[in-house]
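Asker: One structure, as structure tokens, below. Some questions next.
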Amino acid sequence: MGLPSVMVLPMLVVVAAGVYYIYNQVMTFMSKSLVRNKVVVITDAVSGVGTECAQLFHKGGARLILCGSSWDKLESLYDSLTKEADPRETFAPKLVILDFSDVDGVEDVAAEVMDCYGCVDVLICNSSMKLKAPVQSISLEVDRNIMDINYFGPSSLAKGVLPSMMSRRCGHIILVNSIQGRLAVPFRSSFAASKHAAQAFFDCLRAEVEEYGISVSTISHTFINASAPPAPPPETDPAPKTNVLAEFIAGQLTHGVRPSVLANEIVQTVNRKRKEVLLAHPIPLVALYLRSLLPPVLFAVLAAGVKDSALAEQLL
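The sequence shown stops at residue 360 when you use the numbering used here, and every number in between is there.
Listed below in structure tokens is the structure:
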């Protein structure tokens with residue numbers, strides 16, 4: 045006896061979910077094998093995203109070069125990675141001091157990075173400096189500092205490792221950027237400008253180095269939500285009545301990208317060599333489409349949002 049027609053759709057959903065789960069498990073297993081022995085450079089490795097990346101790549105057997113501006117924090121990360129690691133399965137990370145605010149020193153840092161293993165397979169440019177302020181209140185010195193950290197630093201480091209990648213005809217450069225590299229909101233002028241510049245640079249780089257077998261990826265995400273998820277209410281308390289639709293919209297407005305989620309996406313990007321990745325909830329995605337299709341509508345919304353700065357803050 046065949047299944048009733050009403051059961052066909054639920055069964056298809058269950059089967060599709062099962063296939064998707066198996067696919068993710070297979071890709072996770074492959075992720076660990078594909079990065080083994082690869083020389084992976086992570087900038088700002090002591091940040092939340094950088095630390096999560098370091099843990100994933102280290103467990104996968106990559107040869108890590110961890111960069112950061114604080115030696116104490118780098119050593120602490122080194123200790124946490126090697127404390128319980130199997131030396132037969134992993135490599136002890138190498139540590140390099142890197143401060144993108146000192147652009148003049150990036151060339152020397154690139155040379156130090158190359159000296160670690162003689163080559164770089166994957167460069168992950170993860171550093172970022174944020175600022176929220178009205179345009180008229182931002183000094184030229186601050187503008188330049190943000191551009192150094194968000195644009196000149198990553199682009200200079202990429203140039204430093206590029207000759208080796210070109211001679212070996214392989215390599216992967218990943219820019220962990222921001223969705224504000226594609227969509228700007230009020231009170232983020234310097235930050236958005238630097239991210240737009242970085243996006244343009246790596247887009248150009250992607251086309252120029254493709255003939256050498258080098259991959260260039262950009263990951264555009266909304267704000268990093270490093271806070272712990274809220275604890276569920278005690279079971280003894282009665283469940284409060286909530287508006288499901290209002291709760292969903294509020295969740296879309298407030299949640300960001302957790303460091304662990306972004307780190308997993310970076311590993312997957314290394315393995316799949318995707319050129320562009322967007323990590324955003326629906327509202328920023330709608331804003332991106334409006335920017336392309338109906339820019340006057342988006343401009344009107346943003347202008348209205350200036351009167352209520354919380355709107356612009358929630359958008360991205």
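The C-beta atom is built at its ideal place from N, Cα and C for all residues, glycine as well.
Answer yes if the stretch 83-97 comes into contact with the stretch 175-183, meaning at least three C-beta pairs across the two stretches below 8 Å, and no otherwise.
Answerer: No contact exists between the stretch 175-183 and the stretch 83-97.
Asker: What residues are listed by DSSP as bridge partners for L323?
Answerer: On the sequence shown, position 279 is the one that residue 323 refers to. DSSP, once it has assigned bridges, lists H265 as partnering L323.
Asker: Is the distance from the Cβ of Y256 to the Cβ of M191 below 7 Å?
Answerer: For this step, residue 256 is matched to residue 212 along the sequence shown. For this step, residue 191 is matched to residue 147 along the sequence shown. No, the Cβ-Cβ distance between Y256 and M191 is not below 7 Å.
Asker: Out of curiosity, what's the CA-to-CA distance linking H240 and R132?
Answerer: Indexing the sequence shown from 1 puts residue 240 at position 196. Indexing the sequence shown from 1 puts residue 132 at position 88. Their Cα atoms are separated by approximately 43 Å.
Asker: Can we say the stretch 76-85 touches the stretch 161-168, given the rule of at least three CB pairs closer than 8 Å?
Answerer: In short, these stretches touch, since the Cβ pair count reaches three.
Asker: According to DSSP, is G162 part of a helix, a strand, or is it coil?
Answerer: Along the sequence shown, one-based indexing puts residue 162 at 118. Looking at G162 - three-state DSSP - the assignment turns out to be coil, as it is neither helix nor strand.
Asker: At which residues does the alpha helix (DSSP H) containing V229 begin and terminate?
Answerer: Here residue 229 refers to the residue found at position 185 when the sequence shown is read from its first residue. It is not in any alpha helix (DSSP H) - V229 carries neither H nor E in the DSSP assignment.
Asker: Which residues does DSSP pair with I190 in a beta bridge?
Answerer: As a first step, residue 190 must be located in the sequence shown, where it is residue number 146. DSSP lists no partner for I190.
Asker: Quick test of your reading: I109 and C97, contact by CB under 8 Å. State the CB separation rounded to the nearest angstrom.
Answerer: Locating residue 109 in the sequence shown gives position 65, where the first residue counts as 1. Locating residue 97 in the sequence shown gives position 53, where the first residue counts as 1. At roughly 12 Å, the Cβ-Cβ gap does not stay under 8 Å, so I109 and C97 are not in contact.
Asker: Can you check whether the CB of L323 is closer than 7 Å to the CB of H265?
Answerer: Reading the sequence shown from its first residue, position 221 is the one you call residue 265. Reading the sequence shown from its first residue, position 279 is the one you call residue 323. Yes, these two residues count as a Cβ contact at 7 Å.
Asker: Tell me where the beta strand (DSSP E) around G149 begins and ends.
Answerer: Taking the sequence shown and counting its residues from 1, one reaches residue 149 at position 105. Careful: G149 lies outside any beta strand (DSSP E) and carries neither H nor E.
Asker: Starting from D223, trace the beta strand (DSSP E) both ways and give me its first and last residue.
Answerer: In the sequence shown, the residue the question calls residue 223 occupies position 179. Note on identity: in this sequence residue 223 is Ile, with Asp being the wrong assignment. That residue, I223, is in no beta strand (DSSP E); it is neither H nor E in DSSP.
Asker: Can you check whether the CB of F246 is closer than 7 Å to the CB of L219?
Answerer: On the sequence shown, position 175 is the one that residue 219 refers to. On the sequence shown, position 202 is the one that residue 246 refers to. Yes, the pair counts as a contact, with Cβ atoms nearer than the cut-off.
Asker: Secondary structure at I168, three-state DSSP: helix, strand or coil?
Answerer: Residue 168 sits at position 124 when you count from the first residue of the sequence shown. It is a strand residue.
Asker: CB-CB under 7 Å to L142, same chain, minus the five flanking residues each way: which ones, in chain order?
Answerer: For the purposes of this step, residue 142 is taken as residue 98 along the sequence shown, with counting starting at 1. Here the set comprises T87, C111, G112, S113 and V153.
Asker: Straight-line CA distance for S200 to N194?
Answerer: Start at 1 with the first residue of the sequence shown, and residue 200 comes out as number 156. Start at 1 with the first residue of the sequence shown, and residue 194 comes out as number 150. Between S200 and N194, the C-alpha separation is close to 11 Å.
Asker: Can the beta-carbon of I182 be found less than 7 Å from the beta-carbon of S234?
Answerer: Locating residue 182 in the sequence shown gives position 138, counting from the first residue. Locating residue 234 in the sequence shown gives position 190, counting from the first residue. In contact: I182 and S234 (Cβ atoms closer than 7 Å).
Asker: Where R212 and V186 are concerned, what is the direct C-alpha to C-alpha distance, given to the nearest angstrom?
Answerer: Residue numbering aside, residue 212 sits at position 168 when the sequence shown is read from its first letter. Residue numbering aside, residue 186 sits at position 142 when the sequence shown is read from its first letter. Approximately 39 Å between the Cα atoms of the pair.
Asker: In the DSSP assignment, the alpha helix (DSSP H) including K239 goes from what residue to what residue?
Answerer: As a first step, residue 239 must be located in the sequence shown, where it is residue number 195. Note, K239: alpha helix (DSSP H), S233 to V253.
Asker: Apply the 10 Å Cβ neighbour rule to Y333 and answer buried if 16 or more other Cβ atoms are within range, or exposed otherwise.
Answerer: Start at 1 with the first residue of the sequence shown, and residue 333 comes out as number 289. Exposed, since its Cβ has fewer than 16 Cβ neighbours within 10 Å.
Asker: Here's the rule: buried if 16 or more other CB atoms are within 10 angstroms of the residue's CB, otherwise exposed. What is P137?
Answerer: Working through the sequence shown from its first residue, we reach residue 137 at position 93. Buried.
Asker: Measure from the alpha carbon of V350 to the alpha carbon of each residue in F231, I263 and S304, then state which is nearest.
Answerer: Working through the sequence shown from its first residue, we reach residue 350 at position 306. Residue F231 is the option with its Cα nearest to V350.
Asker: Which class does L201 belong to by DSSP, given the choice of helix, strand or coil?
Answerer: Here the question's residue 201 lines up with position 157 in the sequence shown. L201: helix per DSSP, three-state reduction.
Asker: Quick one: is A244 buried, meaning 16 or more other Cβ sit within 10 Å of its Cβ, or exposed?
Answerer: On the sequence shown, position 200 is the one that residue 244 refers to. Per the 10 Å Cβ criterion, exposed.
Asker: Among A242, L227, G225 and M158, which residue has its Cα nearest to the Cα of P198?
Answerer: As a position in the sequence shown, residue 198 is number 154, starting the count at 1. The shortest Cα separation from P198 among A242, L227, G225 and M158 belongs to A242.
Asker: Based on DSSP bridge pairs, tell me the residues matched to I141.
Answerer: Position 97 of the sequence shown holds residue 141. Bridge partners of I141: G112.
Asker: Bridge partners for R107 per DSSP, in chain order?
Answerer: Translated into positions along the sequence shown, residue 107 becomes position 63. Partner(s): V83.
Asker: Give the secondary structure of G92 by DSSP, where H, G and I count as helix, E and B as strand, and everything else as coil.
Answerer: On the sequence shown, residue 92 is found 48 positions in, with the first residue counted as 1. Correct three-state label for G92: helix.
Asker: Buried or exposed: which applies to V205, given that a residue is buried once 16 or more other Cβ atoms fall within 10 Å of its Cβ?
Answerer: The residue labelled residue 205 in the question sits at position 161 within the sequence shown. The residue in question, V205, is buried, as its Cβ has 16 or more Cβ neighbours within 10 Å.
Asker: Please classify A155: is it buried, with 16 or more other beta-carbons within 10 angstroms of its beta-carbon, or exposed?
Answerer: Indexing the sequence shown from 1 puts residue 155 at position 111. Exposed, by the Cβ-count rule.
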